[in-house]
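Number of protein chains: 2
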Amino acid sequence: MLIDWPLFALFVTTAFAAGSTGAFFSPGRWYANLDKPGWTPPNWLFPLAWFVLYLSMAYAATRVAISGHPEVIYALAIWGLQIVFNTLWSPVFFGLHRLLPALVVLFGMWASVLAMAVAFWRIDLVAGLLVAPYVVWTSYAFALNFSIWRRNPDAAQMAGS
Amino acid sequence: MLIDWPLFALFVTTAFAAGSTGAFFSPGRWYANLDKPGWTPPNWLFPLAWFVLYLSMAYAATRVAISGHPEVIYALAIWGLQIVFNTLWSPVFFGLHRLLPALVVLFGMWASVLAMAVAFWRIDLVAGLLVAPYVVWTSYAFALNFSIWRRNPDAAQMAGS
Chain S
98 MLIDWPLFAL FVTTAFAAGS TGAFFSPGRW YANLDKPGWT PPNWLFPLAW
148 FVLYLSMAYA ATRVAISGHP EVIYALAIWG LQIVFNTLWS PVFFGLHRLL
198 PALVVLFGMW ASVLAMAVAF WRIDLVAGLL VAPYVVWTSY AFALNFSIWR
248 RNPDAAQMAG S
Chain P
98 MLIDWPLFAL FVTTAFAAGS TGAFFSPGRW YANLDKPGWT PPNWLFPLAW
148 FVLYLSMAYA ATRVAISGHP EVIYALAIWG LQIVFNTLWS PVFFGLHRLL
198 PALVVLFGMW ASVLAMAVAF WRIDLVAGLL VAPYVVWTSY AFALNFSIWR
248 RNPDAAQMAG S
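Residue numbers (the working numbering), protein chains in the order written: chain S, 98 to 258; chain P, 98 to 258.
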C-alpha cells in the first residue's frame, strides 16, 4: 500500500501537537505527592508509550483516509473528536489538578477512541489493529484517573505544580 | 443541500470540546492586570464570538465532508490540526501564563486555519465563506497575543490565576 506523505505529515503534526500538552503540563511535585495505586506505570513509560501511540494513530488515519471507503468522512470526524479530548486531558489533570473534570474528559476520550477504532477497523483491518493499543492504553488511563480521584479527595488543594 | 445530522453533531461536539478550554482556563485576575492595547476586545465578546465561530466551522466542515470532492480527506485532516491548536492555546496562555509559547501555538493555529479556509473554499464556496470570519478572528487574536507579549515581559511572574 502506497502512503500519502503530505497527509501522513498532517496527521503526525496533529498527533504531536496534541502530545505537546504532555510537555507543557508534565508530572511534577503535585503528581509525585498523590496517593496512587500500585499498578501506576513509572513516569518514564508515558512519553515512550505516547510516542508509539501517536505514530500508530497517524499512520492508521492515513491508511483510512486514502482507502476510498464511503465511511471515511465519519472516521476522520471521529479522529478529530478524540484528538481534541486527548489535547484537553493533560491541562485539566496536571494544570488545574481537577481530577473529576479530568475523568469526564478521559471518558469522552475513551468513548471517541473506541468509536474511532471500530470505524477504522470497518474500513481497514490494519488501521483497526494499529489503534487497538490506544484503546487499551486509554482504558488503563481511565482506571488510573478513577483510582487517583477516589484516593485523593483533596487533590485540588495539594501543593506543587 | 441536505445536512448529515450525525456528522454535524460530531463536528459540533468536537468544536465545543475544544472550546471548553476557554471555560476551564478563563480570563481571571492575571489577565485583568496585564498591560493590554486599546483595541483589546471586552471580555464578554470572546464567548459570543467563539459560539458563532464554532457553529460556523462545524457546519462548514459538514458541507465539505459530504461534498464527495476528492480533496475532502486533506480538508478534514487540516480541520483536525487547527482544532488541536485551538484546544491548546487557552491552557498555555491562561493556564501557564507563557505568552511566547502561546504565540507559537497561535501561529500554528493561524496557519492551519488559513490552510483550512483555502481547502474548504476550493471544495465548497459557502464553506469557505463560513470560515472566513475565523481567519479574521485568529489573525486579530495573533496580533493581540503579540502585543500583550511585547508589553508584559514579566507576565509569567505576575500574580493571579
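Glycine included, C-beta positions come from ideal geometry on N, C-alpha and C. Small disclaimer: the values here were computed from a predicted structure and weren't measured.
| task | Indicate whether the contact test is met: 3 or more Cβ pairs, each with one atom in the stretch 211 to 228 of chain P and one in the stretch 168 to 180 of chain P, closer than 8 Å. | result | yes
| chain P contact residues for S/Tyr171, given Cβ-Cβ distances below 8 Å | Pro103, Leu104, Leu107
| Candidates P/Leu241, P/Asn183, P/Trp246, P/Asp101: closest to P/Phe122 by CA position | P/Asn183
| task | Could you tell me how far apart the beta carbons of P/Trp246 and P/Leu200 are, in whole angstroms, since I believe they sit closer than 8 Å? | result | 6 Å
| said: According to DSSP, is S/Pro230 part of a helix, a strand, or is it coil? | reply: helix
| Residue range of the alpha helix (DSSP H) that includes S/Val201 | 196 to 220
| request: Using a Cβ cut-off of 8 Å (strictly closer), state whether S/Ser79 contacts chain P. | output: A query on residue 79 of chain S cannot be resolved here, the shown segment of chain S reaching from 98 to 258 and no further.
| message | Determine, for P/Tyr185, whether the minimum Cβ-Cβ distance to residues of chain S falls below 8 Å. | response | As written in the sequence, residue 185 of chain P is Leu, which differs from the Tyr given in the question. Interface residue, yes.
| said: Given this structure, state the Cα-to-Cα distance separating P/Met154 from S/Ala229, to the nearest angstrom. | reply: 30 Å
| query | Out of S/Leu104, S/Ala212, S/Ala240, S/Gly135, which has the shortest C-alpha to C-alpha gap to S/Ile163? | reply | S/Leu104
| Residues of the stretch 240 to 252 of chain P with Cβ closer than 7 Å to any Cβ of chain S, in chain order | none
| Counting pairs of Cβ atoms below 8 Å between the stretch 132 to 141 of chain P and the stretch 141 to 161 of chain S, do you hit three or more? | no
| query | Taking the alpha-carbon positions, what's the S/Ala238 to S/Val223 distance? | reply | 24 Å
| said: Can you tell me whether P/Leu99 is buried or exposed? The criterion is at least 16 other CB atoms within 10 Å of its CB, across all chains shown. | reply: exposed
| message | Restricting to Cα atoms, I'd like to know which of S/Ala112, S/Asn249, S/Ala129 is closest to P/Leu178. | response | S/Ala112
| Integer Cβ distance of S/Val189 from P/Ala114, believed to fall under 8 Å | That pair is no contact at about 12 Å.
| Just by C-beta distance, which residues in the stretch 142 to 165 of chain P are closer than 8 Å to chain S? | Ala158, Ala162, Ile163
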